[in-house]
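Colleague:
Numbering (full-length UniProt numbering), first residue to last: 1 to 121.
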């Protein structure tokens, strides 16, 4: 078990709000996506984490996963209903972000799940 999952379990068991945001609007699910902590993301989702919650620049956990080539976590988010064509403040979808950050595996995953490749920013 990962340390982040253990910590998340501890906080959840003590009644922490898993949808609480930091000063940038990121939730614990955003952080799990950033570090490709699939186990932690699964735990958070099973306890009601909002998959499509946006931070201050209107990015979801899937945008963050795409930026960091967190393919396994991106796949989990998609399987639980993440909006693959959601645009951030700058009009970028997760696919735009994956392409810009050379996250090939995640870009391929997004395309295989129907991400629109003709969306303009």
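C-beta atoms are modelled at their ideal positions from N, C-alpha and C, and glycine is treated no differently. Since the model is a prediction, treat every value here as computed from it, not as a measurement.
1. Identify, in the order they occur along the chain, each residue of the same chain with its Cβ nearer than 6 Å to the Cβ of residue 45, setting aside the five sequence neighbours on each side.
2. Only counting the same chain, and skipping five residues up and downstream in sequence, which positions put a Cβ closer than 7 Å to that of residue 36?
3. Is it buried or exposed for residue 30, if we count other Cβ within 10 angstroms and need 16 for buried?
4. Under the three-state reduction of DSSP, which class applies to residue 1: helix, strand or coil?
5. Would you check if the distance between the CB atom of residue 27 and the CB atom of residue 66 is smaller than 8 Å?
6. Would you mind reading off the limits of the alpha helix (DSSP H) that contains residue 63?
7. Residue 83: which of 41, 62, 112, 103 sits nearest, CA to CA?
8. Report the rounded CA-to-CA distance for residue 20 versus residue 41, giving the unit in angstroms.
9. By the three-class DSSP mapping on this structure, what secondary structure does residue 113 have?
10. Which residues mark the beginning and the end of the alpha helix (DSSP H) in which residue 100 is found?
Modeller: Let me lay it out:
1. 80
2. 68, 70, 72, 73
3. buried
4. Bear in mind that a pLDDT of 48 at residue 1, under 50, signals an unreliable position, so the number given afterwards is only what the model happens to contain. Coil, per DSSP.
5. no
6. 61 to 67
7. 62
8. 15 Å
9. coil
10. 94 to 100
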